[in-house]
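Chains as they are written, first to last, in the working numbering: chain P, 2 to 373; chain Z, 502 to 679.
We put the CB at the ideal spot given by N, CA and C, even for glycine.
This one's a predicted model, so the numbers in the text were calculated from it and none came from an experiment.
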Amino acid sequence: MPVAQLKHDIFQNGRLDELVLPEFNPEDLTEDNSGKAMAFPLPENDVVRVFGLPRNILLDFRILSKAVSVVRDVTIKLVDRLQAASQESSQKNRLVLAGSAGCGKSFLLVQGVEYAAAAGWLVMYIPRAASLVNSSTMYTYDLRTRTYLQPIFAQQTLQRFRTVNESLLGSLTLEGGIELGDGVLIDIGLKEQTSAPAVLSALLEALGKQTKAPVLLAVDDFQTLFAKSAYKSPHFQTLRAWHLSMPRLILDYVSGQKTFARGAVVGALSASNKTYGLSQDVRHALGLQPWLQPSPYVKVPAEVSAFTKGIQIMKVPEKMNVGEAASLFEVWNKNKSFHTPANDELFLAKYAESGGNPRDFVWKGLLSTLQT
Amino acid sequence: MVHILGVQLFENHAVKHALTNFYGINRLTASRLCARLQIHDTCRVRSLTATQITSIAAFLSSPATSPIPPRGPLASPSFTPHPPTTPFGQLPGARAYLAQVDAPPPPLPQPRTKGLDPLRWLRIETDLKREMRENIAHQRMIGSYVGKRHAMGLPVRGQNTQTNAKTARKLNRIERHR
Numbered sequence: 002m003p004v005a006q007l008k009h010d011i012f013q014n015g016r017l018d019e020l021v022l023p024e025f026n027p028e029d030l031t032e033d034n035s036g037k038a039m040a041f042p043l044p045e046n047d048v049v050r051v052f053g054l055p056r057n058i059l060l061d062f063r064i065l066s067k068a069v070s071v072v073r074d075v076t077i078k079l080v081d082r083l084q085a086a087s088q089e090s091s092q093k094n095r096l097v098l099a100g101s102a103g104c105g106k107s108f109l110l111v112q113g114v115e116y117a118a119a120a121g122w123l124v125m126y127i128p129r130a131a132s133l134v135n136s137s138t139m140y141t142y143d144l145r146t147r148t149y150l151q152p153i154f155a156q157q158t159l160q161r162f163r164t165v166n167e168s169l170l171g172s173l174t175l176e177g178g179i180e181l182g183d184g185v186l187i188d189i190g191l192k193e194q195t196s197a198p199a200v201l202s203a204l205l206e207a208l209g210k211q212t213k214a215p216v217l218l219a220v221d222d223f224q225t226l227f228a229k230s231a232y233k234s235p236h237f238q239t240l241r242a243w244h245l246s247m248p249r250l251i252l253d254y255v256s257g258q259k260t261f262a263r264g265a266v267v268g269a270l271s272a273s274n275k276t277y278g279l280s281q282d283v284r285h286a287l288g289l290q291p292w293l294q295p296s297p298y299v300k301v302p303a304e305v306s307a308f309t310k311g312i313q314i315m316k317v318p319e320k321m322n323v324g325e326a327a328s329l330f331e332v333w334n335k336n337k338s339f340h341t342p343a344n345d346e347l348f349l350a351k352y353a354e355s356g357g358n359p360r361d362f363v364w365k366g367l368l369s370t371l372q373t
Numbered sequence: 502m503v504h505i506l507g508v509q510l511f512e513n514h515a516v517k518h519a520l521t522n523f524y525g526i527n528r529l530t531a532s533r534l535c536a537r538l539q540i541h542d543t544c545r546v547r548s549l550t551a552t553q554i555t556s557i558a559a560f561l562s563s564p565a566t567s568p569i570p571p572r573g574p575l576a577s578p579s580f581t582p583h584p585p586t587t588p589f590g591q592l593p594g595a596r597a598y599l600a601q602v603d604a605p606p607p608p609l610p611q612p613r614t615k616g617l618d619p620l621r622w623l624r625i626e627t628d629l630k631r632e633m634r635e636n637i638a639h640q641r642m643i644g645s646y647v648g649k650r651h652a653m654g655l656p657v658r659g660q661n662t663q664t665n666a667k668t669a670r671k672l673n674r675i676e677r678h679r
């Protein structure tokens, strides 16, 4: 008998049917839908497709058959915040998402970025800011800006920004008559690598002046913007991140020295990167864990204080509530990722063991359990 | 395959590692050299431009006489750069960069001062081997203990000879490092 005619259950190999979940739309991000799992629609020019994702989220999305996330209370809070920011200057909307390891800061930032892109914002997303400072891209000193330019990274960012925001850019007119619709400014940067950093800076300044569309600058691994980079000067002095053109450009917007007329700057701290972790001086400058004063032997650079002035912290809760955890449990269950029968006992046991921490709940709880 | 001063560098190797193929360049010196020429850590030899290869060859052919790059000022948080259309010559600090082209390299301080750039005293390949041969020949010429031990093909630095000393017996001689 041909294989296609073998319809009995015994011949089914437990192949996964595609996860059917509601789509992640701005209109559906309400308090009623808090705790529901939603799949990101990923068109060809989607933000995370083009700009990329942090490593841990990429892994999650590869294992799950779809790019899924759970809409939490804090997601609604961030979305409300972004809605308010869309009418205000980015000077008042400089946010950093902070919380314990594995509490969902990077996921929250991805949700914010997807919301903004769907809601008609111009979005620039840097998923791995560590790649700016780990000496993995070309660098060259520029006397005019007194920084070390990173032309290849700037060029790639320009290309990705244009791909993601092509339709919006086509309808904008910049001051000085440089039509973005013709692509004159961006084309210059894409053709000549050496001019890409200057073009990117000019583009962001020009976009900051227009009021037709709000602009979101989102950065994951936010703490690496204050770290000692792996780059060295020609005299073998270690360069700090703010001596490099790309981190410096981001920090100018983070500190409020440059602003978007409408928009926000959102960063997410990351505990995953051990090489560029959150240092004592940055922790103190951001006002996290105020009961832990920095050691008197640690020199706090004045630049850290200057660049972190006026940043607001949004704390991501350490614990998911039961409804959110249940949605997450169902998503992984539908993905047939468990080798254990999925029941309430397993759910509550792993929820209690992980203390509600999302990463621990999934990776150390559900996927690592030997319980049968 | 890239050849610089007679030494082969493999294309898929990181430049920082490939430079250690030169006799007299260790990992630290290679890092310093990459920093001097602004080559990032993960740059592969195949990614090097012709200008960069020429600059590596020019430096290594004569490290002592290579121009020292000026110390470029670094921007403070409140620094606002000049517009992109500003001519290079009008930027503050441009004089040091323009003067570098014609200026002769500064003389090497004697004796070598600690804390100065070690790349200025870098010797590689035949120059280094010649220096080592000269050092041994000098020791022999002045009739020192070190010179005598090299001449006898025995350990120089007080090692045991009752046992071991095989390497010294094999390698130590006046005309070592030919």
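| For a contact meaning CB atoms closer than 8 Å, what does residue 628 of chain Z contact in chain P? | Going along chain P, no residue has its Cβ under 8 Å from residue 628 of chain Z, so there is no contact; the nearest lies around 22 Å.
| query | Can you pull the DSSP bridge partners for residue 74 of chain P? | reply | Paired residues: none, contrary to the question.
| query | When Cβ atoms are compared, which residues of the segment 556 to 585 of chain Z fall closer than 8 Å to chain P? | reply | 570, 572, 573, 574, 575, 576, 577, 578, 579, 580, 582, 583, 585
| message | If distances are taken between C-alpha atoms only, which option among Z/599, Z/597, Z/621 comes closest to residue 608 of chain Z? | response | Z/621
| task | Using a cut-off of 7 Å between C-beta atoms, extract the partners of residue 235 of chain P located in chain Z. | result | 536, 537, 539, 570
| field | CA-to-CA distance, residue 629 of chain Z to residue 506 of chain Z, given in whole angstroms | value | 14 Å
| request: Would you check if the distance between the CB atom of residue 264 of chain P and the CB atom of residue 215 of chain P is smaller than 7 Å? | output: yes
| task | Pull up the CB-CB distance for residue 131 of chain P and residue 198 of chain P, whole angstroms please, since I reckon it's below 8 Å. | result | Not quite, the Cβ-Cβ distance comes to about 19 Å (not below 8 Å), so this is no contact.
| query | Got a sec, what are the start and stop residues for the beta strand (DSSP E) residue 671 of chain Z sits in? | reply | Run containing residue 671 of chain Z: none in the beta strand (DSSP E); it sits in the alpha helix (DSSP H), 667 to 672.
| query | From which residue to which residue does the beta strand (DSSP E) around residue 149 of chain P run? | reply | 148 to 150
| Nearest chain Z C-beta to residue 136 of chain P closer than 7 Å, yes or no? | yes
| message | To be precise: take each residue of the segment 503 to 534 of chain Z, compare its Cβ to all Cβ atoms of chain P, and keep it if any distance is under 8 Å. Which residues remain? | response | 532, 533
| request: Would you kindly work out how many angstroms separate the C-alpha atoms of residue 44 of chain P and residue 7 of chain P, rounded to a whole number? | output: 36 Å
| message | Less than 7 Å between CB atoms is the rule here; does residue 146 of chain P satisfy it with respect to chain Z? | response | yes
| task | Out of P/70, P/12, P/357, state which residue places its alpha-carbon closest to the alpha-carbon of residue 20 of chain P. | result | P/70
| message | Using only the alpha-carbon positions, how far apart do residue 669 of chain Z and residue 641 of chain Z sit? | response | 16 Å
| said: Using only the alpha-carbon positions, how far apart do residue 586 of chain Z and residue 189 of chain P sit? | reply: 15 Å
| query | In terms of residue numbering, what span does the beta strand (DSSP E) encompassing residue 639 of chain Z cover? | reply | Counting along the chain, residue 639 of chain Z falls outside any beta strand (DSSP E), though it belongs to the alpha helix (DSSP H) covering 626 to 642.
| From residue 200 of chain P to residue 191 of chain P, what distance separates their C-alpha atoms? | 9 Å
| Applying the criterion that 16 or more other CB atoms from any shown protein chain within 10 Å of the CB defines a buried residue, is residue 126 of chain P buried or exposed? | buried
| Would you report the Cα separation of residue 384 of chain P and residue 246 of chain P, rounded to the nearest angstrom? | Any answer about residue 384 of chain P is impossible in this case: the structure gives chain P only from 2 up to 373.
| message | Short of 6 Å in beta carbon distance, which residues of its chain neighbour residue 248 of chain P, apart from the five on each side in sequence? Order them along the chain. | response | 133, 226, 242
| task | Under 8 Å Cβ to Cβ from residue 666 of chain Z, same chain only, skipping five residues before and after it: list those, please. | result | 655, 656, 660
| query | Thinking C-alpha only, which one of P/35, P/26, P/143, P/4 is nearest residue 321 of chain P? | reply | P/35
| Which stretch, first to last residue, makes up the beta strand (DSSP E) that contains residue 374 of chain P? | Nothing about residue 374 of chain P can be reported from this structure: the residues present for chain P run from 2 to 373 only.
| field | C-beta neighbour in chain Z for residue 276 of chain P, strict 7 Å | value | no
| query | Is there at least one Cβ from chain P nearer than 7 Å to residue 549 of chain Z's Cβ? | reply | no
| said: Please report the distance separating the alpha-carbon of residue 555 of chain Z from that of residue 222 of chain P. | reply: 37 Å
| query | Hey, residue 393 of chain P and residue 329 of chain P are a contact pair by Cβ (cut 8 Å); roughly how many whole angstroms apart? | reply | Residue 393 of chain P lies beyond the stretch modelled for chain P, which goes from 2 to 373, so this question has no answer here.
| request: Taking 7 Å as the cut-off, decide whether the C-beta atoms of residue 139 of chain P and residue 541 of chain Z are in contact. | output: yes
| request: Taking all protein chains shown into account, decide if residue 663 of chain Z is buried (16 or more other Cβ within 10 angstroms of its Cβ) or exposed. | output: exposed
| Given residue 77 of chain P, which residues of its chain have a CB within under 8 Å of its CB, disregarding the five upstream and five downstream residues? | 30, 31, 32, 35
| said: Counting only Cβ pairs nearer than 7 Å, list the residues of chain A close to residue 662 of chain Z. | reply: This model lacks chain A altogether, as its protein chains are P and Z.
| said: Between residue 146 of chain P and residue 582 of chain Z, how many whole angstroms is the CB-CB distance? I'm expecting something under 8 Å. | reply: 4 Å
| said: If contacts are defined as beta-carbon pairs under 8 Å, then residue 325 of chain P and residue 73 of chain P qualify, I think. What distance do you get, rounded to the angstrom? | reply: 5 Å
| query | Between residue 543 of chain Z and chain P, is there a C-beta pair that is closer than 7 Å? | reply | yes
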